[in-house]
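Reviewing the structure listed below.
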Amino acid sequence: GESVGLHLPTLSVQEGDNSIINCAYSNSASDYFIWYKQESGKGPQFIIDIRSNMDKRQGQRVTVLLNKTVKHLSLQIAATQPGDSAVYFCAEMVQGAQKLVFGQGTRLTINP
Amino acid sequence: ETGVTQTPRHLVMGMTNKKSLKCEQHLGHNAMYWYKQSAKKPLELMFVYNFKEQTENNSVPSRFSPECPNSSHLFLHLHTLQPEDSALYLCASSQAPDLSSYNEQFFGPGTRLTVL
Chain R
-7 GESVGLHLPT LSVQEGDNSI INCAYSNSAS DYFIWYKQES GKGPQFIIDI
43 RSNMDKRQGQ RVTVLLNKTV KHLSLQIAAT QPGDSAVYFC AEMVQGAQKL
93 VFGQGTRLTI NP
Chain S
10 ETGVTQTPRH LVMGMTNKKS LKCEQHLGHN AMYWYKQSAK KPLELMFVYN
60 FKEQTENNSV PSRFSPECPN SSHLFLHLHT LQPEDSALYL CASSQAPDLS
110 SYNEQFFGPG TRLTVL
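Chains as they are written, first to last, in the numbering used here: chain R, -7 to 104; chain S, 10 to 125.
So, in structure tokens, the structure goes:
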């Protein structure tokens, strides 16, 4: 069946360092992947997405890497800031569908 | 702000109460969603509505009853809930997909529900 999971439930990094959050998925039919950020008291907020025909996509301070061979997704955040503290979720979807399958989430804490 | 609002933000109810959660989107979308976020499980899709029609019910118990009177509003009616239904209930909206599209879902802030 479908499942999306995260390797680490918590991650602490020093302000200014880079962070990497990992995610594994098992549905080989998924062809669209999204990273969401959820701050306390708020709903999930879109960060970056990637389609299965790509293996890397860059945004502002964030990079998503997709390895379809091992069904692995990662989110890299460069030069972390206090405002990056949040729970990060990966999610997967099949093209044309509406069912987002979410991972467990990783709590990222930025230490001053 | 994402353009999706939810009320109330917090709700405490007894197991015999009837209450409703409300969601409104100001984005011109035509698809709306209910999700449940509990502490021990990943975010779970509950219902999907496209153009006011329910297109997905993810095996949700009948004590949760959704209603979508128009493309901008979505309700979740609650009746005889259990303590394990305590969770954050999130609403989202998007453009309705076609076979060639991926449509970003925009989430509201959620309603924190506690069932006593």
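Where a beta carbon is used, it is the ideal one built from N, C-alpha and C, also for glycine.
Taking all protein chains in view, the Cβ of S/Gly12 is surrounded by fewer than 16 other Cβ atoms within 10 Å, so the residue is classified as exposed.
Assignment of S/Glu93 by DSSP, reduced to helix, strand and coil, places it in the helix class. Proximity of the region 87 to 99 of chain R to the region 40 to 54 of chain S meets the contact definition, three or more beta-carbon pairs being nearer than 8 Å. Checking the DSSP bridge columns, you'll see R/Leu3 partnered with R/Leu100. If you keep only unbroken beta strand (DSSP E) runs of at least 3 residues inside the region 56 to 90 of chain R, you get 64 to 69 and 78 to 85. Interface flag for R/Met46 against chain S is unset, since no Cβ pair is found closer than 9 Å. As a beta-bridge residue in DSSP terms, S/Met22 pairs with S/Val124. Cα atoms of R/Ser32 and R/Ser20: separation of roughly 32 Å, rounded to the nearest angstrom. The count of Cβ pairs closer than 8 Å, one atom from the region 82 to 99 of chain S and one from the region 20 to 39 of chain S, reaches three, so the stretches are in contact.
Only exposed fits R/Asn45, as fewer than 16 other CB atoms lie within 10 angstroms of its CB. Going by DSSP, S/Asn59 is part of the beta strand (DSSP E) stretching over Glu53 to Asn59. For R/Pro36, the secondary structure class from DSSP, reduced to helix, strand or coil, is coil. Beta-bridge analysis with DSSP links R/Glu31 to no other residue. Around the beta carbon of R/Ile42, 16 or more other beta carbons sit within 10 angstroms, so the residue counts as buried. Ranked by Cα distance from S/Thr64, the first of S/Gly37, S/Cys77 and S/Ser81 is S/Cys77. Bounds of the beta strand (DSSP E) holding R/Arg49 are Lys48 to Gln50.
Taking 9 Å as the upper bound on Cβ-Cβ separation, chain S lies near residues Phe81 and Ala83 of the region 62 to 84 of chain R.
Rounded to whole angstroms, the Cβ separation of S/Leu97 and S/Gly119 is 4 Å, and the two are in contact under 8 Å. Assignment of beta-bridge partners to S/Pro75 by DSSP yields S/Leu85. When the beta-carbon positions are compared, R/Ala70 and R/Arg53 come within less than 9 Å of each other.
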